[in-house]
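2 protein chains.
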Amino acid sequence: MDALTIHEAASTTGWSARMLRYVERAGLIEPRRSAAGYRLYGPEELQRLRTLRELLDQNDVSLTEVGFALRLRRDEELSAALEGWFEEEPARPVDVPAADWLLWEQDKHEKLLAAATLHATQMMETR
Amino acid sequence: MDALTIHEAASTTGWSARMLRYVERAGLIEPRRSAAGYRLYGPEELQRLRTLRELLDQNDVSLTEVGFALRLRRDEELSAALEGWFEEEPARPVDVPAADWLLWEQDKHEKLLAAATLHATQMMETR
DNA sequence: CGAACCTTACCACGATCGTGTCAAGGTTTG
DNA sequence: CAAACCTTGACACGATCGTGGTAAGGTTCG
Numbered sequence: 001m002d003a004l005t006i007h008e009a010a011s012t013t014g015w016s017a018r019m020l021r022y023v024e025r026a027g028l029i030e031p032r033r034s035a036a037g038y039r040l041y042g043p044e045e046l047q048r049l050r051t052l053r054e055l056l057d058q059n060d061v062s063l064t065e066v067g068f069a070l071r072l073r074r075d076e077e078l079s080a081a082l083e084g085w086f087e088e089e090p091a092r093p094v095d096v097p098a099a100d101w102l103l104w105e106q107d108k109h110e111k112l113l114a115a116a117t118l119h120a121t122q123m124m125e126t127r
Numbered sequence: 128m129d130a131l132t133i134h135e136a137a138s139t140t141g142w143s144a145r146m147l148r149y150v151e152r153a154g155l156i157e158p159r160r161s162a163a164g165y166r167l168y169g170p171e172e173l174q175r176l177r178t179l180r181e182l183l184d185q186n187d188v189s190l191t192e193v194g195f196a197l198r199l200r201r202d203e204e205l206s207a208a209l210e211g212w213f214e215e216e217p218a219r220p221v222d223v224p225a226a227d228w229l230l231w232e233q234d235k236h237e238k239l240l241a242a243a244t245l246h247a248t249q250m251m252e253t254r
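Chains as they are written, first to last, in our numbering: chain A, 1 to 127; chain B, 128 to 254.
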C-alpha cells in the first residue's frame, strides 16, 4: 500500500492527526478511504495540506474562513446573494418623495408606519 | 436633520443598538457621524440594514461571514491566494519519478485521476 | 494472538462570536 | 440646568472554533 495513514500524513505535513480530521470536516481536504475506512493521504493531499498551511500562515486567514470561501465558491446562489448585497444601490430612491421621509420624524407610531411603507415600496422596487 | 440616531435606526430596522455598533465594527455598515460623533443613519443605511437582515436569514450566513466576504472582495491579494489554492493542480508532478506512485494502487488511482480531470474540466466550463 | 495502528464519539478548555447590560462621560434640547 | 439622548469601554454569558485528550471498538501485521 502506497498512501499514508493519518498519523504518517500528520508527521510529514506538520498538522496533527486531530487537525487533519478537522480539516476534513471543514470540507477542505477529504482523503479517500481504505476498505476498512482508514483515511489514505496520497501525494496530492499531502501537497494540499502543505500549501494549506502556507495559505493560512501567509494570509492571516482561518481554517473556517477558507472553508467559507470554498462554500462561496460552490454555492453560486449564496455568492450571488452576497454580491447583490454588496452592490446594493447606494442611491436614494427618487420616486419616494422626501416628504414621507421628513414626515416620519414625529412620534414612534408614525415613524414605524412610514418605515413600513418605505420598506414596502423599496421591496417593490427591488423586485 | 434627515437621519436617524442609533436607537431610532434600531427600532425601525429590528436590530438592537448594540448590534448596529457590532455591524459597524464588522465593516458592513458604517453610518456617517455628526459633529459630536453621533452615528447618523440615512435611508440608505436603513435600507442596507434591512436587506442585511434578509441576507442573513435567507442564506444561513453569519455576520462575520459576510464581513469576511467583504474582506475577500476588497483584498484582491487574499482572494487570489485562496483562488490559487482551490485550483491547485490535482495532477501529480511529472518530474518526480512516477514509478512509486503509479505502481501503487492503480485502480483507485485511475479513479482519482479521472475524477480530478473531470473536476478540472467542469471548472473550466463554468468559467 | 497481541501490539500498534485506525475509526467515531465524547470531555475539556481557552478564544472568539453574538448579544445584553452597565458605567463614566459628552451633547442636545425643553 | 436637567432629562434624555449619544459615545466608548468593560463585564457577562451561552455558543461555536481550534485543539488536545481519552474511551470503546474495529483492522493490520509481525
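Yeah, the Cβ is synthetic: ideal placement off N, Cα and C, and Gly gets one too.
Beta-bridge partners of residue i, as assigned by DSSP
| i | result |
| --- | --- |
| Arg166/B | Arg160/B |
| Leu182/B | Answer by DSSP bridge pairing: none, since Leu182/B is not bridged. |
| Leu131/B | Tyr168/B |
Cβ pair residue i, residue j closer than 8 Å
| i | j | result |
| --- | --- | --- |
| Ala196/B | Leu82/A | yes |
| Leu56/A | Leu63/A | yes |
| Leu179/B | Trp85/A | yes |
| Ala162/B | Gly194/B | no |
| Tyr168/B | Ala207/B | no |
| Leu78/A | Val188/B | yes |
| Pro31/A | Arg18/A | no |
Contact list for residue i against chain A, beta-carbon separation under 8 Å
| i | result |
| --- | --- |
| Val193/B | Leu82 and Trp85 |
Listed by chain order, chain B residues near residue i by CB distance under 8 Å
| i | result |
| --- | --- |
| Thr51/A | Trp212 and Glu215 |
| Leu78/A | Asn186 and Val188 |
Nearest neighbour of residue i, chosen from the options [CA to CA]
| i | options | result |
| --- | --- | --- |
| Glu44/A | Ile29/A, Gly14/A, Arg33/A and Asp60/A | Ile29/A |
| Arg160/B | Asp202/B, Ala144/B and Ile133/B | Ile133/B |
| Thr139/B | Glu214/B, Leu173/B and Arg198/B | Leu173/B |
| Arg201/B | Glu87/A, Gln58/A, Asp2/A and Gly37/A | Glu87/A |
Neighbour list for residue i in chain A, Cβ cutoff strictly below 9 Å
| i | result |
| --- | --- |
| Leu190/B | In chain order: nothing, as chain A lies at least about 12 Å away. |
Interface partners of residue i on chain B, CB under 7 Å
| i | result |
| --- | --- |
| Ala69/A | Leu199 and Leu209 |
Own chain residues within Cβ distance below 8 Å of residue i, not counting five before or after
| i | result |
| --- | --- |
| Trp142/B | Ala136, Val150, Leu176 and Arg180 |
| Leu199/B | Leu205, Ser206 and Leu209 |
Chain B residues whose Cβ lies nearer than 9 Å to that of residue i
| i | result |
| --- | --- |
| Leu20/A | Within 9 Å Cβ-Cβ: nothing; Leu20/A doesn't reach chain B, min ~17 Å. |
| Leu55/A | Ala208, Leu209, Gly211 and Trp212 |
Neighbourhood of residue i by C-beta distance below 7 Å, restricted to the same chain and skipping five residues each side
| i | result |
| --- | --- |
| Asp129/B | Gly169 |
| Glu203/B | none |
Own chain residues within Cβ distance below 6 Å of residue i, not counting five before or after
| i | result |
| --- | --- |
| Asn59/A | none |
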